[in-house]
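Okay, structure first, notes after.
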Amino acid sequence: MAYDDGADLRPFAAISADMYVRCADVRVLRVGFAAWVSSVTGLAVELFGGAFPHEWLLGRTLAGGTRDASVESGSPAAAVDMLDENAESAFAYLWLEERELALRDVRITVQRFGDDGGQALLRVTIGYFTRQVDAARLGQALVELLHANVTAETTYGQVATLHPQYPPRTRLDVLLRRDAADSAGEATRVLRGYEWATLCPSALIGRLGGVDAVRESGAFAAVRAAGPALLLLATRSPVDYDESAARRVWHTLRPVLPPGRPKPLPLLSFASMVLEDARP
């Protein structure tokens with residue numbers, strides 16, 4: 004969805020990639036976060052060039068919500084060092100004001116959750132000016148980002164143009180009033196959500212009729228193996244993902260979606276979400 008930045012007036016949009024992993028050992032999670040940060044920064048340079056300034060806001064959130072942030076000059080990789088046993092999240096944010104650039108902002112985060120901190124969300128959100136960026140190319144680059152970072156500990160992933168506003172819950176979690184930890188704990192039994200691109204764990208594929216049945220459903224423009232999961236792409240470009248495409252995806256995935264009727268919340272966009280019980 005494009006909208007106007009009051010300061011610049013050029014229409015811009017945002018797209019995000021989320022990957023959920025099981026990881027009780029924060030040292031192992033740091034390795035995964037380092038790979039995620041490296042992949043994202045490499046992607047940004049490849050798509051937008053390396054001329055933009057590298058002044059990042061780096062920081063972390065501690066238990067209880069205390070935020071510790073500082074401005075660093077250089078690579079966002081320093082955010083990895085902020086992730087330790089005391090941190091609930093670590094982040095690297097970049098905002099750009101140069102009008103000649105196609106890139107508007109980049110936000111890279113890792114968030115630990117669950118009673119033992121054994122679940123984590125890796126996220127990147129990229130803001131861009133729509134008249135200067137090929138949305139299909141950017142979306143495909145984020146799909147490749149997910150594909151490259153999938154491991155045996157990955158439980159779910161997605162690329163979305165309307166990213167969840169209550170992380171680490173997915174949009175479907177929020178609309179079903181599901182707790183993030185409960186949702187993550189059931190990831191091998193029910194699919195946590197669906198978006199333009201959806202990473203479906205291998206444990207759920209059999210209940211969809213198998214890989215061939217998913218491919219032949221007609222709901223997806225592409226079906227790819229991604230480690231132990233399937234990466235499902237609803238349309239070739241994220242700008243083509245509309246209500247009709249979402250319904251096709253929902254209809255194909257409904258055997259593994261959680262039961263319950265999604266209920267909208269004020270200020271939360273539920274566009275491209277089917278507001279029906281998947282298993283009435």
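First residue of the sequence shown: 4, per the working numbering; consecutive thereafter.
Cβ atoms here follow ideal geometry from the backbone N, Cα and C, with glycine treated the same way.
As the structure is a prediction and not an experimental result, all values here were calculated from the model.
Taking only runs of the beta strand (DSSP E) that begin and end inside the region 126-171, which ones reach a length of at least 3 residues, in chain order? Taking only runs of at least 3 residues, the beta strand (DSSP E) segments lying wholly in the region 126-171 are 157-163.
Looking only at its own chain, which residues have a Cβ that is under 7 Å from the Cβ of Arg239, when we skip the five neighbours before and after it? As a first step, residue 239 must be located in the sequence shown, where it is residue number 236. Excluding sequence neighbours, Arg239 sits near Ala139 and Ala224.
Alpha helix (DSSP H) segment containing Trp39, residue limits: Start at 1 with the first residue of the sequence shown, and residue 39 comes out as number 36. Looking at the DSSP string, the run of the alpha helix (DSSP H) that includes Trp39 is Val29 to Phe51.
Measuring alpha carbon to alpha carbon, tell me which residue in Arg126, Gly196, Ala228 and Ala144 is nearest Ser335. Shown here, the chain extends from 4 to 283; a query on residue 335 therefore has no answer.
Out of Val29, Arg126, Asp185 and Pro231, which has the shortest C-alpha to C-alpha gap to Pro170? In the sequence shown, the residue the question calls residue 170 occupies position 167. For Pro170, the nearest C-alpha among the options comes from Arg126.
Give, in chain order, every unbroken run of the beta strand (DSSP E) that is at least 3 residues long and sits entirely within the region 185-214. If we require 3 residues or more, the beta strand (DSSP E) runs fully inside the region 185-214 come out as 200-204.
What's the gap between the Cα of Asp245 and the Cα of Arg13? For the purposes of this step, residue 245 is taken as residue 242 along the sequence shown, with counting starting at 1. For the purposes of this step, residue 13 is taken as residue 10 along the sequence shown, with counting starting at 1. Rounded to whole angstroms, Asp245 to Arg13 spans 23 Å at the Cα level.
Do you know offhand how far Ala155's Cα is from Ala123's? Here residue 155 refers to the residue found at position 152 of the sequence shown. Here residue 123 refers to the residue found at position 120 of the sequence shown. Roughly 14 Å separates the two Cα atoms.
Please report the distance separating the alpha-carbon of Val277 from that of Ala249. For the purposes of this step, residue 277 is taken as the residue at position 274 of the sequence shown. For the purposes of this step, residue 249 is taken as the residue at position 246 of the sequence shown. About 7 Å.
Beta-ladder partner(s) of Gly62, from DSSP: Here residue 62 refers to the residue found at position 59 of the sequence shown. DSSP, once it has assigned bridges, lists Ala72 and Phe94 as partnering Gly62.
Are at least three pairs of beta-carbons, each pair with one atom in the region 69-88 and one in the region 40-48, less than 8 Å apart? With the cut-off at 8 Å, the region 69-88 and the region 40-48 touch.
Supposed contact pair Leu97 and Val177 - C-beta distance, whole angstroms, cut 8 Å: If you number the sequence shown from 1, residue 177 lands on position 174. If you number the sequence shown from 1, residue 97 lands on position 94. 27 Å between Cβ atoms; not a contact.
I'd like the span of the alpha helix (DSSP H) that includes Val24, first residue to last. Position 21 of the sequence shown, counting from 1, holds the residue named residue 24. Looking at the DSSP string, Val24 is not in any alpha helix (DSSP H); the run it does join, the beta strand (DSSP E), is Pro14 to Arg25.
Put Leu235 into one of helix, strand or coil per three-state DSSP. The residue you call residue 235 lines up with position 232 of the sequence shown. Strand, per DSSP.
Please state the DSSP three-state secondary structure of Thr173. The count along the sequence shown starts at 1 and reaches residue 173 at position 170. Here Thr173 sits in coil by DSSP.
From Val252, Asp87, Leu61 and Asp182, residue whose alpha carbon lies closest to that of Gly117: The residue labelled residue 117 in the question sits at position 114 within the sequence shown. Of the listed residues, the one whose Cα sits closest to Gly117 is Asp182.
Own chain, CB closer than 6 Å to Glu88, minus 5 neighbours either side, in chain order: If you number the sequence shown from 1, residue 88 lands on position 85. Apart from the 5 residues on each side of it in sequence, Glu88 sits with its Cβ closer than 6 Å to the Cβ of Val29 in its chain, given in chain order.
If you reduce the DSSP assignment to three classes, tell me which class Pro267 lands in. Your numbering for residue 267 matches position 264 in the sequence shown. In the structure shown, Pro267 falls within a coil segment according to DSSP collapsed to helix, strand and coil.
How would you call Ala66, buried or exposed, if buried means at least 16 neighbouring beta carbons within 10 angstroms? By one-based count along the sequence shown, residue 66 stands at place 63. Answer is exposed; the Cβ neighbour count stays below 16.
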